[in-house]
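The structure under discussion appears below in the form of structure tokens.
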Amino acid sequence: AFEPLLMKDWIKPGTHIACMGTDTKGKMEVDEALVAAATVFTDEVAQSISIGEAQHAIASGALAEADITPIGNVINGDHPGRTSDDEVTLFDGTGVGLQDLAVASVAARLAAESGEAIRVAL
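Quick note on numbering: our numbering labels position 32 of the sequence shown as 18, and the sequence is numbered without any gaps.
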């Protein structure tokens, strides 16, 4: 979508929003005021601010790049993640091709090892 489908006023305290649809410059599915008010996590900050949900909040100055936390920082313990029950959190998943390739490689290897893989001539 190129207009917000989810507005800040509709969200209750403590909500987590997982965004996966915005992957192109100009797209917007979440109100920029909601993005700016939430604690924002992403798989790739550069993509989040250029093609993800954060792009509009960044462009308007409502959100700073430094306010966006890579999800890896939560996983490795460098960031606490959610810090209160009322905190609204938002994951801006723009997708990282290298990660997709790594997961596909493991899945193919496991399928081959278990005898479930099927070879197809292309």
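Every residue, glycine too, gets a C-beta built ideally from N, C-alpha and C.
Pair within 8 Å by beta-carbon distance, residue i and residue j
i: T25; j: G38; result: no
i: P(-10); j: D17; result: yes
i: T75; j: Q33; result: no
i: E51; j: V31; result: yes
i: K178; j: A23; result: Any answer about residue 178 is impossible in this case: the structure gives the chain only from -13 up to 108.
Span separating the alpha-carbon of residue i from that of residue j
i: L96; j: R105; result: 14 Å
i: I(-3); j: A107; result: 50 Å
i: G101; j: H42; result: 47 Å
i: N59; j: F77; result: 13 Å
i: V89; j: A19; result: 34 Å
i: V21; j: D86; result: 25 Å
Best match in the options for proximity to residue i [C-alpha to C-alpha]
i: G0; options: A93, R68 and A88; result: R68
CB contact below 8 Å: residue i versus chain C
i: I44; result: The structure shown has no chain C; it contains just one protein chain.
For residue i, the residue or residues it bridges with in DSSP
i: I3; result: L76
- prompt: Is it a yes or a no for the segment 50 to 67 touching the segment 6 to 19, going by three-plus beta-carbon pairs under 8 Å?
  reply: no
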